[in-house]
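Protein chains in written order, with the numbering used here: chain D, 971 to 1299; chain U, 581 to 814.
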């Protein structure tokens, strides 16, 4: 059992989302950085899709009734267990009765905390992800509040082995790490790679050029559905109404005012604005960490290159998965 | 039918370019062709007004045999084959779903405005709105939100310039040439002319929504008492 002493600014239970129901208007949602959630789960021996906690800006303070293994990945939070630092990207032993606090993000915006076994919530339409707008999924369909009690599913065998190794060596955390940012071929800081979108040709040459040339700034209009960017207005070559069609995380849609919106996993299933571009799946996670005013540039790549990046990252993650089987403390 | 990438994890099939019934029927047919049997690496298939979108996981597509440098082309070929040879058209008879709606003032803050815009009395708006049979073109925006076609031309009313912050769930509304029902308390700019006591989003049921793309819908006017009864019974 985990007791929520402080909920943090916006802490929700998330897994890898609720695919398969978009034709009913049900959003996919799930962890905004799927790779970070998967890496944290991998570290504590969970399935990739186990439910984790996603936090934003100010993290929660959690009291653990029982000894457990945890791991967190994401932005640079001032995380502590008792008075000790709680390092990211590795397995950390939490003793019965200890309190874990995440403080605030010194850089980046969000982080994902996996607990061995995964958070135990009923699945709704195949997922434990919080679907806030519909008030279902996650913990009672809403972000955590003070006093919430979270149950945890039984931990896997591997978590038990790692815990025993750490206990035996009187160590808090493993020396080995899994750093999501090093998997695959990450783009340079402040750069995300993108392919052309279905309505690319609707935009004039000027807008097409500016989109990939400009340095955009993240705005305050940002949530789990998307991030609006500020920069030069992007105009259509001639006025045109789009017939609403499907969108996806990473799609860059341009409303009439010309400021692009990058969609994130809790986007709607259908959108009505021209889709100028789409961020490579491997780079969508960058937008989960942008704060208002942070710069971002788009670098054009081909579809084949986007797939290559995605496949290279998956291969790295699987290599880590295999390698970890031999590592304990 | 052109197949174009929507980012690196989806392909969009362009079935047509106008919102009309023949295009809708072709969209439904294409959706059935693509979902009649699993396609390798495909996660889900989503129909819209004029398009069908196939979501895939590139790693699964490669696992199924696609070359790493030609994932989209490999999957696109399979999608195109499926579309060319659709499964035997099992004549799916569209469902007709009756949706009870209370058009009385407390549920219809914009009925007077719609009436004024149409040059009709509010009762005439209700009669016209509930006499028509509508087609669910697609579901989107919110869980179970139906985009309905078939609104009588005279009832077309522009959206509010400033959307309401919260629309009560079950609100029946007109936005431009469209009419629909808000399943959840969401922001929205359409004109509210009534409310249904039925739940449109039912996460515990299969399917988890009252209305699906391809359904026909009729609105049945009810009074406050019946609204209260149906609301209590749900």
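Every residue, glycine too, gets a C-beta built ideally from N, C-alpha and C.
Enclosing beta strand (DSSP E) for residue i [first to last residue]
i, result
"residue 1083 of chain D", "1075-1085"
"residue 631 of chain U", "631-636"
"residue 1033 of chain D", "1031-1034"
"residue 1172 of chain D", "No beta strand (DSSP E) contains residue 1172 of chain D, which DSSP labels as neither H nor E."
"residue 807 of chain U", "Segment 804-813 is the alpha helix (DSSP H) holding residue 807 of chain U; no beta strand (DSSP E) there."
"residue 1231 of chain D", "1231-1233"
"residue 983 of chain D", "982-984"
"residue 742 of chain U", "Where residue 742 of chain U is concerned, there is no enclosing beta strand (DSSP E), given that its DSSP letter is neither H nor E."
"residue 728 of chain U", "726-729"
Bounding residues of the alpha helix (DSSP H) (the contiguous stretch that carries residue i)
i, result
"residue 757 of chain U", "That residue, residue 757 of chain U, is in no alpha helix (DSSP H); it is neither H nor E in DSSP."
"residue 1066 of chain D", "Element bounds for residue 1066 of chain D: n/a, residue is neither H nor E."
"residue 764 of chain U", "Careful: residue 764 of chain U lies outside any alpha helix (DSSP H) and carries neither H nor E."
"residue 1013 of chain D", "1004-1013"
"residue 608 of chain U", "601-615"
"residue 1130 of chain D", "1127-1138"
"residue 1146 of chain D", "Per DSSP, residue 1146 of chain D belongs to no alpha helix (DSSP H) and is neither H nor E."
"residue 1281 of chain D", "1273-1294"
Per-residue contacts from residue i into chain U (C-beta, under 9 angstroms)
i, result
"residue 1301 of chain D", "Nothing can be reported for residue 1301 of chain D: it is not among the residues displayed for chain D, which extend from 971 to 1299."
"residue 1012 of chain D", "The contacting residues do not exist; residue 1012 of chain D stays about 16 angstroms from chain U at best."
"residue 1281 of chain D", "638, 639, 642, 648 and 651"
"residue 1104 of chain D", "722, 723, 763, 764, 781 and 783"
Contact list for residue i against chain U, beta-carbon separation under 7 angstroms
i, result
"residue 1168 of chain D", "584, 586 and 592"
"residue 1284 of chain D", "639"
"residue 1213 of chain D", "599, 629 and 630"
"residue 1094 of chain D", "783"
"residue 1250 of chain D", "588"
Within chain D, the residues that residue i reaches when beta carbons sit closer than 7 angstroms
i, result
"residue 721 of chain U", "995, 1238 and 1240"
"residue 561 of chain U", "As displayed, chain U neither begins before 581 nor continues past 814, which places residue 561 of chain U out of reach and without an answer."
Residues near residue i in its chain [Cβ-Cβ closer than 6 angstroms; skip 5 each side]
i, result
"residue 1126 of chain D", "1015"
"residue 1020 of chain D", "1011 and 1088"
"residue 621 of chain U", "636, 637, 640, 641 and 644"
"residue 1255 of chain D", "1003 and 1005"
"residue 1018 of chain D", "1008 and 1011"
"residue 769 of chain U", "739, 740 and 743"
"residue 1190 of chain D", "1262"
Close beta carbons around residue i, own chain, < 8 angstroms, minus the five adjacent residues each side
i, result
"residue 583 of chain U", "591, 592, 593, 594, 656, 659 and 660"
"residue 1218 of chain D", "1233, 1237 and 1248"
"residue 767 of chain U", "743, 744, 745, 746 and 747"
"residue 695 of chain U", "701, 702, 704 and 705"
"residue 677 of chain U", "790, 791, 795, 796, 797 and 798"
Nearest residue (CA-CA) to residue i, options the options
i, options, result
"residue 989 of chain D", "D/1116, D/1027 and D/1101", "D/1101"
"residue 610 of chain U", "U/634, U/698 and U/774", "U/634"
"residue 1058 of chain D", "D/999, D/1192 and D/1075", "D/1075"
"residue 1156 of chain D", "D/1250, D/1130 and D/1265", "D/1250"
"residue 1211 of chain D", "D/1203, D/1120 and D/1225", "D/1225"
"residue 1129 of chain D", "D/1285, D/1064, D/982 and D/974", "D/1064"
"residue 723 of chain U", "D/997, D/1131, D/1038 and D/1253", "D/997"
"residue 1070 of chain D", "D/1051, D/1081 and D/1177", "D/1051"
"residue 1183 of chain D", "D/1168, D/1189 and D/1201", "D/1201"
Own chain, CB closer than 7 angstroms to residue i, minus 5 neighbours either side, in chain order
i, result
"residue 748 of chain U", "765 and 775"
"residue 1096 of chain D", "988 and 990"
"residue 616 of chain U", "667"
"residue 792 of chain U", "716 and 719"
"residue 980 of chain D", "1026 and 1113"
"residue 1243 of chain D", "1212, 1223, 1224 and 1225"
"residue 597 of chain U", "630"
"residue 1312 of chain D", "A question about residue 1312 of chain D goes unanswered here, because the residues of chain D that appear run from 971 up to 1299."
Straight-line gap, residue i to residue j (C-alpha atoms, nearest Å)
i, j, result
"residue 674 of chain U", "residue 601 of chain U", "13 angstroms"
"residue 1231 of chain D", "residue 1124 of chain D", "40 angstroms"
"residue 693 of chain U", "residue 1152 of chain D", "58 angstroms"
"residue 625 of chain U", "residue 1160 of chain D", "33 angstroms"
"residue 1040 of chain D", "residue 1192 of chain D", "29 angstroms"
"residue 1030 of chain D", "residue 679 of chain U", "44 angstroms"
"residue 914 of chain D", "residue 755 of chain U", "Nothing can be reported for residue 914 of chain D: it is not among the residues displayed for chain D, which extend from 971 to 1299."
"residue 1165 of chain D", "residue 714 of chain U", "38 angstroms"
"residue 740 of chain U", "residue 1094 of chain D", "34 angstroms"
"residue 975 of chain D", "residue 773 of chain U", "45 angstroms"
"residue 1083 of chain D", "residue 1053 of chain D", "18 angstroms"
"residue 698 of chain U", "residue 1268 of chain D", "48 angstroms"
"residue 1148 of chain D", "residue 653 of chain U", "34 angstroms"
"residue 1257 of chain D", "residue 1044 of chain D", "12 angstroms"
Interface partners of residue i on chain D, CB under 8 angstroms
i, result
"residue 787 of chain U", "994"
"residue 793 of chain U", "993"
Interface partners of residue i on chain D, CB under 9 angstroms
i, result
"residue 750 of chain U", "Those within 9 angstroms of residue 750 of chain U in chain D number zero; the least Cβ separation is about 14 angstroms."
"residue 724 of chain U", "994, 995 and 996"
"residue 581 of chain U", "Those do not exist, as residue 581 of chain U stays about 14 angstroms from chain D at its closest Cβ, beyond 9 angstroms."
8 angstroms Cβ cut-off: residues of chain U touching residue i
i, result
"residue 1221 of chain D", "586 and 587"
Neighbour list for residue i in chain A, Cβ cutoff strictly below 9 angstroms
i, result
"residue 989 of chain D", "Going by chain labels, chain A is absent from the structure shown, which instead holds the protein chains D and U."
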